[in-house]
Every structure is written in C-alpha cells, then in structure tokens.
Amino acid sequence: MHRDRSLIEKTFLFLKGLAMGAANKVPGVSGGTVSFVLGFYEELIYSFQKINGIAFKLFINGRFKSFFRYINAQFLGLVLAGSIFSYFSVSLVLDYFLKHYELYVWSWFFGMIIGSIWYIGKDFGEWNVKNTLSLIIGASIGIGISFLTPAGENDNLWFVFICGIIGVSGMTLPGLSGSFILILLGNYVLLLVDSVNVLFGVITDIVLSWNFDFVDDPERIRYLKIIGVFTAGSAFGLVSISHVLGYVLKRWHQIVTAVIIGFITGSLGIVWPWKEKMYRQINGEFLLDQNGNKVIENYRRFLPDLSVDTNWYAIFYAVVGILLIVGIDYYGRTRKS
C-alpha cells in the first residue's frame, strides 16, 4: 500500500483530509462518505489496520524507517493533519455558513450524498438476492438512526471515551455521521464545540503569548481532560474499527459495499434540507445544557414550498452538490485514461 507521492499528490491528500475533517464535524454528514467518494477510503482502512503488533515491535526495536513504511505513515499523516487542521479552519467557516445559510448548506450536502450513492453504485456489479438484502438492511439501519431521540449531556470520562470510539465511526463507516451520533448521545456541544474551543484558546495563548494561566483554571483543565479522553477514545476506535472493516472488506466486499450504499441512502433523512429543530421541553419549558443552549430532541421534516424563491435556490445548491460528485468522478476517469 505504501508508495512515494509527488508534491501535488501530497497536497491533494491534505485537502482531502480537510474535506473529511470538516464533514466529520457536521451533524448528518459522514467523513467516511467523503473518503469513499474521493477515492481513498480503502487505503485509509488498510493503513489503520497496519497499526498492530508488528508495527509495535518495529517501533520498540528502533526500526523507525520500517515502522513508518509499514503503517503507510506519509498517507496517514497527511490525511490526519488535514482533518485536524480543518477543525480550526474549514469547520469554523462551515459553522458560519450553517448559522447564516443553513438551508443552502444542507441542500448542498443532500445533493453530494445523492451523488455519492450514484458514484458508489455505478460500478457495483450484480445485484443478487444477498446484495439486495444487504442494501435493505443498511437502509433500514440508516432510517432507524435518523428517528432516535438524543440523550442528555454526560461528562463522565468513561462515557466520553466511549463517545470517542463511536463518534469517530463517521470516519470509517460511510453514511454514519459521527457528529449526529454524538447529538444522540447528548455530547455534541460538549465534545465538538466547547472542548475544541477551549483547546484552541489554550494553544493560542501558549503559542502567541507563552501564557500558561490555564493550569490554574479548573474549568479549562476539565475541558482539556475531556478532549484528551475523547481523543484517546477516537484513536482507539479508529484502529479497532478499521481492523474489523479491513477483515470484512477483504472477505465480503460486495455485501459490505451494498450495506454502505443502503446506509448512505437511509441517512438522507438526517440531512434533508427542509427541517426545523425540535427542542426538548420539561413542563412547557425548554431544557438547556450547561452553556445555555437549547437541547435538540429531533427534527421536524417537511416538503418545500416551491412558490418561495428560497426553496428554488436550495434545489439549485442540491444540484450543484450532485454535479460536484459527477465532476470528481469525471476528473478521476480522465486522469486515469
């Protein structure tokens, strides 16, 4: 799997990591779907699968060059660097657009996911009974997840570690939004907003002014512990889930791909553009998290009113999302030929 890459290939790989990282932070969008569409999903899975006992022995014995080649470190480093960087750059821009142009952003994502279903399915091959049944199972799970009700926030460190394992699944399982799962677990704001913002503030203080005042701030230390445990859970989840996926992809490639196509199709309900947030209430009053934000219970979906120009713009952005995936596919085919 290891190979030397040109500077242009390295740059594109970093940008693909940016796209995957930004997608992972958006509820309803799967970073795994992005990696699938951009053509580096299987290399990602197999590279994480290489983090095993052999890699550990190479590292302990000081054979660092062999270790880095064995785990495909150049590839993993570029993708993960892009994903991490996106949390403090691209995802902040995405947060802005979600706040001010939410309908158009969801429409764009919706179109991209429809394009992704076409992209994955166009070269699938034979749709026999097993593959069709796998497709239906995947779609049923995706639809079922979209109707679950979120739990309350929980900052217990063991639960945060589990959130890391489950939340990172969006990177390894196309169609499954890790961020949406964190909303269902009640910890999206805690883990991907508040803790990330505190970490960013601490890093900024240290780098720009060599300020270590955070060590005397119990609240900031609490958030740093939370983000540290969440990161550890994510790393553990990436490696362990990738080992399972690498195994099943090798042995039942078509069946797994059919489940993925079904899962992505079922998840369309999560990113349906025309919806409004439904907030949890107790005795007629909105339930707030510790930061004063209303706790989302679910989404009420409705059909667009085509007499409103805004909805036509939304449909336009959905078409743009579809055409973007078609364009990526066309670029990939012409480059190979």
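Start counting the sequence shown at -15; every next residue gets the next number (our numbering).
In this text, a Cβ means the ideal position worked out from N, Cα and C, and glycines have one as well.
Given the structure is predicted, the values throughout are model-derived calculations rather than measurements.
Straight across, the Cα-Cα distance linking Tyr172 with His84 is about 20 Å. From the listed residues Ala39, Lys106, Ser130, Gly151, the smallest Cα separation to Gly217 is found for Gly151. In this structure, the straight-line span from the alpha carbon of Phe145 to that of Val213 is close to 6 Å. One Cα belongs to Leu308, the other to Val89, and the distance between them is close to 14 Å.
Shown here, Ile266 sits in a strand according to DSSP, grouped into three states. Ranked by Cα distance from Lys261, the first of Phe286, Gly250, Leu252 is Phe286. In terms of CA proximity to Gly230, Ile35 leads the group Val10, Ile35, Leu176, Trp102.
Fewer than three beta-carbon pairs drawn from the region 49 to 57 and the region 235 to 245 are found closer than 8 Å, and the two stretches are therefore not classed as touching. Excluding the 5 residues flanking it on each side, Ile254 has same chain C-beta neighbours closer than 7 Å at Gly12, Ser130, Ser161, Phe164, in chain order.
Between Tyr80 and Val180, the C-beta spacing is not below 8 Å.
If you draw a straight line from the Cα of Val232 to the Cα of Asp139, it comes to about 34 Å. Only residues of its own chain outside the window of five on either side were considered, and among them Ser19 have a CB closer than 6 Å to the CB of Leu28, listed in chain order.
Burial is judged here by how many other beta carbons sit within 10 angstroms of a residue's own beta carbon; Gly268 has fewer than 16 and is exposed. The region 87 to 131 contains, as complete alpha helix (DSSP H) runs of 4+ residues, the segments 113 to 130 (chain order). In the DSSP assignment, Val186 falls within the unbroken alpha helix (DSSP H) covering 179 to 193. Residue burial annotation: Thr188 is exposed, with fewer than 16 other C-beta atoms found within 10 angstroms of its C-beta. Per DSSP, the beta bridge partners of Glu260 are Arg284.
If you draw a straight line from the Cα of Ile125 to the Cα of Gly250, it comes to about 7 Å. By the criterion of a C-beta distance shorter than 7 Å, Gly105 is surrounded in its chain by Ile245, once the five residues flanking it on both sides are discounted. With a contact defined as Cβ atoms closer than 8 Å, Val223 and Phe40 miss out at about 11 Å.
A residue is called buried once 16 or more other Cβ atoms fall within 10 Å of its Cβ, and Lys234, having fewer, is exposed. Annotation: Asp200 to Arg206 spans about 11 Å, alpha carbon to alpha carbon. In terms of Cβ geometry, Val21 and Tyr103 form a close pair [threshold 8 Å].
Between Leu(-3) and Phe59, the beta carbon gap of about 7 Å places them in contact (Cβ cut-off 8 Å). Boundaries of the alpha helix (DSSP H) around Phe(-4): -9 to 9. By the 16-neighbour rule on beta-carbons within 10 angstroms, Leu132 is exposed.
Where Ser153 is concerned, the enclosing alpha helix (DSSP H) starts and stops at 153 to 156. Cβ neighbours of Asp313 within its own chain (closer than 7 Å, five residues either side excluded): Tyr103. Contact between the region 107 to 125 and the region 189 to 197 is absent, with fewer than three C-beta pairs closer than 8 Å. In this structure Val63 touches Gly1 by the C-beta definition: roughly 4 Å separates them, less than 8 Å. The C-alpha of Ile266 lies about 37 Å from the C-alpha of Trp296.
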